[in-house]
Each structure stands twice: as structure tokens, then as C-alpha cells.
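Trainee: Taken in order, the sequence shown gives residues 2 to 274; the numbers are from my numbering.
Just so you know, even glycine gets a beta-carbon here, dropped at the ideal spot from N, CA and C.
Note that the coordinates shown come from a computational prediction; the quantities given were computed from them, not determined experimentally.
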Amino acid sequence: MSESLQLRGTLRGHSGWVTQVTTNSKYPDMMLSASRDRSLILWKLLRDETNFGIPQKRLHGHSHFVSDTVISSDGHFALSGSWDKTLRLWDLTKGVSTRQFVNHSKDVLSVAFSADNRQIVSGSRDKSIKLWNTLAQCKYTMQDDGHTDWVSCVRFSPNVQSPIIVSCGWDKRVKVWNLANCKLKTDHTGHTAYLNSVTVSPDGSLCASGGKDLEGKLLVDELCPEVISQFSGLDTQTPDCLCLAWSSDGQTLFAGYSDNHIRAWQVTPSVIS
2 MSESLQLRGT LRGHSGWVTQ VTTNSKYPDM MLSASRDRSL ILWKLLRDET
52 NFGIPQKRLH GHSHFVSDTV ISSDGHFALS GSWDKTLRLW DLTKGVSTRQ
102 FVNHSKDVLS VAFSADNRQI VSGSRDKSIK LWNTLAQCKY TMQDDGHTDW
152 VSCVRFSPNV QSPIIVSCGW DKRVKVWNLA NCKLKTDHTG HTAYLNSVTV
202 SPDGSLCASG GKDLEGKLLV DELCPEVISQ FSGLDTQTPD CLCLAWSSDG
252 QTLFAGYSDN HIRAWQVTPS VIS
């Protein structure tokens with residue numbers, strides 16, 4: 002391996018597990034973190050030898066663990082989900098919560114903005130997926146043909162020409178939803194244990210899922226609703242797949258595992274075609 006990782010600094014401020022970190026390409030000196038200490042911290046990254054970053058604002062409002070957070074594409078707002086059963090929309094300039102989203106009956110595990118930041122989706126331990134507007138109004142609850150166990154991850158397609166939501170859960174299923182009518186489009190089976198993460202490729206044509214069984218699936222939604230590739234191929238003692246992310250060009254899929262490793266999987270043109 003030609004590249005190496007070197008610790009540049011440690012950002013201290015949370016008093017509980019850090020559950021999520023997120024950045025925005027338009028503001029490279031900004032980072033947002035979520036924690037089990039019930040708060041979020043907006044960091045200013047300095048990158049100097051003595052101090053890599055300082056906390057600019059601490060965002061208070063949730064009454065239980067903050068499980069997920071994401072920054073809007075314009076970098077002005079953030080969304081968070083919590084075990085207090087709510088979502089919150091944050092104004093990052095002012096450091097205040099502008100909206101509270103109340104409709105779930107159990108812990109909120111995953112939140113996401115649509116590509117245009119006008120819609121919000123959430124997944125919960127109450128087994129439901131909810132679609133919201135930015136005024137904190139729940140516009141639709143996806144329960145018909147929905148998950149039968151915890152919804153662990155929800156994502157919009159980043160391609161506005163492909164208006165879909167993908168979800169995965171502890172029922173071992175990956176579901177693709179039509180955003181136009183909030184109806185189930187495809188239901189993918191094949192995993193043998195619960196799922197932790199699902200992600201959509203930049204062009205919106207593929208999604209990948211990973212979980213306890215490590216039977217990682219590469220799926221084509223628009224072309225054919227079937228598994229076209231698996232990205233297991235590891236040792237017999239397979240770790241859990243905990244998180245997934247695509248490279249910006251859609252050619253590499255990054256996966257984080259419970260054995261402390263991140264693996265990069267190449268997505269070849271032959272698979273895409």
C-alpha cells in the first residue's frame with residue numbers, strides 16, 4: 002500500500018461516543034459531529050500542529066443520544082436524528098434549532114436531505130420511513146410494503162433525474178421507493194442478517210448495502226431490479242459491514258467494517274453496463 006495515514010490531531014469536546022461526522026465540500030474548514038452526549042458540535046478546522054480544530058458552536062436540543070446528522074448541500078443547515086424520537090433542523094450560522102420534527106414513536110436512526118434540500122427522509126426503530134418538508138410537516142409515512150423491523154438507513158438518490166429513496170433494515174431487506182408517489186418500487190432480498198447501511202451511486206443507477214452477514218450486494222435499480230455483484234470475498238471470519246460511501250466518480254465503493262478496516266471496492270464498467 003503506497004498511501005499511509007498519519008494522525009494530524011484530535012478534536013476534543015464531546016463527553017460521549019461520537020456517532021457521526023459530516024462535512025461539506027463548499028466549506029472545507031467546517032465539520033459537524035454528533036454524539037451520545039446529546040449534542041452536536043460545529044467545528045472550525047485549523048489544521049495547525051498544536052490545534053487541528055476548535056469547537057465553534059455546540060448545538061443543544063435533543064434529550065437523548067444523537068444518532069445521525071447530515072449537512073445540507075449549500076452548507077447552511079444541518080439535520081439530526083435522535084433516540085428522543087425526533088429530528089431537528091439547525092441553522093448553522095446562528096447555531097440554533099429552527100424546526101423540530103415530531104411523528105416517530107421510537108428512536109430515529111437515520112436522516113437525509115434530498116439533492117435539492119427541499120425534502121427530508123427519516124428511518125426509525127418504529128419500522129417506518131417518513132418523508133418531510135423543511136417546515137417539519139410529515140408529508141407521507143411509508144408503511145405499506147414497508148420494513149418489518151428497525152429501519153437502519155435511508156438515503157435519497159443524489160441524481161435529481163432519478164427520484165428515489167432507498168432504505169435498509171434489520172429485516173434483511175433493501176427497498177427502493179418511488180419519490181413521486183412514495184410507493185415501493187423494488188424489494189431486494191438475499192441478505193441473511195440485519196443491514197446497517199445502504200448508499201446510492203452518484204448517477205443514481207446503483208445502490209449497495211452491507212450488514213451483519215457481509216453479503217454486500219451491488220444492485221441496479223433502473224436497469225434491472227436484481228443483484229448484479231457481491232462484494233464479500235474476505236476471510237472466513239467475516240466482520241460486520243457498518244457503513245458505505247461511493248467515490249464522487251462512482252468507480253469506487255468504500256466500506257467500513259467491525260474489524261477496524263476500510264476496504265475500497267472497484268466498480269468496473271462491465272458491472273455498470
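Relative to the C-alpha of residue 259, which candidate in 253, 88 and 244 has its C-alpha closest?
Mentor: Start at 1 with the first residue of the sequence shown, and residue 259 comes out as number 258. Nearest option by C-alpha distance: 244.
Trainee: Assuming residue 63 contacts residue 30 (C-beta within less than 8 Å), just tell me the rounded distance between them.
Mentor: Along the sequence shown, one-based indexing puts residue 63 at 62. Along the sequence shown, one-based indexing puts residue 30 at 29. The pair is not a contact, with the Cβ atoms about 25 Å apart (cut-off 8 Å).
Trainee: Bridge partners for residue 257 per DSSP, in chain order?
Mentor: Start at 1 with the first residue of the sequence shown, and residue 257 comes out as number 256. Answer is 244 and 263, bridged to residue 257.
Trainee: Measure the alpha-carbon distance for residue 147 versus residue 35 and round it to whole angstroms.
Mentor: Along the sequence shown, read from residue 1 onward, the residue named residue 147 stands at position 146. Along the sequence shown, read from residue 1 onward, the residue named residue 35 stands at position 34. Their Cα atoms are separated by approximately 28 Å.
Trainee: Taking only three categories from DSSP, how would you classify residue 53?
Mentor: The sequence position of residue 53 within the sequence shown is 52, counting from 1. The answer is coil: DSSP assigns residue 53 none of H, G, I, E or B.
Trainee: Just checking my contact of residue 197 with residue 242 at CB under 8 Å: how many whole Å lie between their CB atoms?
Mentor: In the sequence shown, the residue the question calls residue 197 occupies position 196. In the sequence shown, the residue the question calls residue 242 occupies position 241. The Cβ separation is near 6 Å, so the contact holds.
Trainee: Just verifying my parser: in three-state terms, what is the DSSP assignment at residue 21?
Mentor: The residue given as residue 21 occupies position 20 in the sequence shown. In this structure, residue 21 counts as strand in the three-state DSSP scheme.
Trainee: Give the C-beta separation of residue 83 and residue 109 to the nearest angstrom, bearing in mind that I take them to be a contact with Cβ-Cβ under 8 Å.
Mentor: Residue numbering aside, residue 83 sits at position 82 when the sequence shown is read from its first letter. Residue numbering aside, residue 109 sits at position 108 when the sequence shown is read from its first letter. Confirmed, Cβ separation roughly 6 Å.
Trainee: Return the chain-ordered list of same chain residues with a C-beta closer than 6 Å to the C-beta of residue 273, the five sequence neighbours on each side being excluded.
Mentor: Mapped onto the sequence shown, residue 273 falls at position 272. Unreliable placement is indicated for residue 273, whose pLDDT of 46 sits below 50; the coordinate value is still reported in the next sentence. Nothing listed; no residue qualifies.
Trainee: Please report how far the alpha carbon of residue 1 lies from the alpha carbon of residue 11, in whole angstroms.
Mentor: A question about residue 1 goes unanswered here, because the residues of the chain that appear run from 2 up to 274.
Trainee: At what residues does the beta strand (DSSP E) containing residue 186 begin and finish?
Mentor: Your numbering for residue 186 matches position 185 in the sequence shown. From DSSP, the beta strand (DSSP E) with residue 186 extends over 184-189.
Trainee: Which of the three DSSP states, helix, strand or coil, is assigned to residue 99?
Mentor: As a working note, residue 99 is residue 98 in the sequence shown. Correct three-state label for residue 99: strand.
Trainee: Could you pull out every residue in the same chain whose Cβ sits closer than 6 Å to the Cβ of residue 19, ignoring the five residues on either side in sequence?
Mentor: Counted from its first residue, the sequence shown places residue 19 at position 18. Excluding residues within five positions, the ones whose Cβ falls inside 6 Å are 34 and 36.
Trainee: What span of residues does the beta strand (DSSP E) with residue 36 cover, start to end?
Mentor: Position 35 of the sequence shown, counted from the start, is the residue given in the question as residue 36. That run of the beta strand (DSSP E) goes 31-36.
Trainee: Assign residue 226 to buried or exposed, taking buried as 16 or more other Cβ atoms, counted over all protein chains shown, within 10 Å of its Cβ.
Mentor: In the sequence shown, residue 226 corresponds to position 225, counting from 1. Caution applies to residue 226, whose pLDDT of 46 falls short of 50 and renders its modelled position unreliable; the model cannot decide the point.
Trainee: Please state the DSSP three-state secondary structure of residue 118.
Mentor: As a working mapping, residue 118 is identified with position 117 in the sequence shown. Here residue 118 sits in coil by DSSP.
Trainee: If you count every other CB in all the chains shown that lies within 10 Å of the CB of residue 250, and 16 or more means buried, which is it?
Mentor: As a position in the sequence shown, residue 250 is number 249, starting the count at 1. It counts as exposed.
Trainee: Where residue 58 and residue 201 are concerned, what is the direct C-alpha to C-alpha distance, given to the nearest angstrom?
Mentor: For the purposes of this step, residue 58 is taken as the residue at position 57 of the sequence shown. For the purposes of this step, residue 201 is taken as the residue at position 200 of the sequence shown. Computed Cα separation, rounded: 31 Å.
Trainee: Please state the DSSP three-state secondary structure of residue 150.
Mentor: Here residue 150 refers to the residue found at position 149 when the sequence shown is read from its first residue. Reduced to three states, the DSSP call for residue 150 is coil.
Trainee: Taking 7 Å as the limit between beta carbons, can you name the residues of its chain near residue 47, skipping five residues before and five after?
Mentor: To locate residue 47, count along the sequence shown from 1; it is residue 46. Around residue 47: 53, 54 and 55.
Trainee: Grouping DSSP H, G and I as helix and E and B as strand, with all else coil, what is residue 10?
Mentor: Against the sequence shown, residue 10 aligns to sequence position 9. It is coil, neither helix nor strand.
Trainee: Ignore the nearest five residues each way along the sequence and tell me which others in residue 9's own chain have a CB closer than 8 Å to its CB.
Mentor: Taking the first residue of the sequence shown as position 1, residue 9 is located at position 8. Cβ within range, chain order: 48 and 53.
Trainee: For residue 101, count neighbouring C-beta atoms within 10 Å of its own C-beta (all shown protein chains included) and say buried if the count is 16 or more, exposed if not.
Mentor: Translated into the one-based positions of the sequence shown, residue 101 becomes position 100. The residue in question, residue 101, is exposed, as its Cβ has fewer than 16 Cβ neighbours within 10 Å.
Trainee: Go ahead and pull the three-state DSSP assignment for residue 157.
Mentor: Sequence index remark: in the sequence shown, residue 157 carries index 156 (1-based). Three-state DSSP puts residue 157 in a strand.
Trainee: Quick check: residue 123 and residue 90, are their CB atoms within less than 8 Å of each other?
Mentor: Walking along the sequence shown from the start, residue 123 turns up at place 122. Walking along the sequence shown from the start, residue 90 turns up at place 89. Cβ atoms of residue 123 and residue 90: not closer than 8 Å.
Trainee: Give the range of the beta strand (DSSP E) segment to which residue 88 is assigned.
Mentor: The residue you call residue 88 lines up with position 87 of the sequence shown. Where residue 88 is concerned, the enclosing beta strand (DSSP E) stretches over 87-92.
Trainee: DSSP state of residue 141, grouped into three classes?
Mentor: In the sequence shown, the residue the question calls residue 141 occupies position 140. Residue 141 falls in the strand class under three-state DSSP.
Trainee: What's the call for residue 75, buried or exposed, on a 16-neighbour Cβ count within 10 Å?
Mentor: Position 74 of the sequence shown, counted from the start, is the residue given in the question as residue 75. With fewer than 16 Cβ atoms within 10 Å of its Cβ, residue 75 is classed as exposed.
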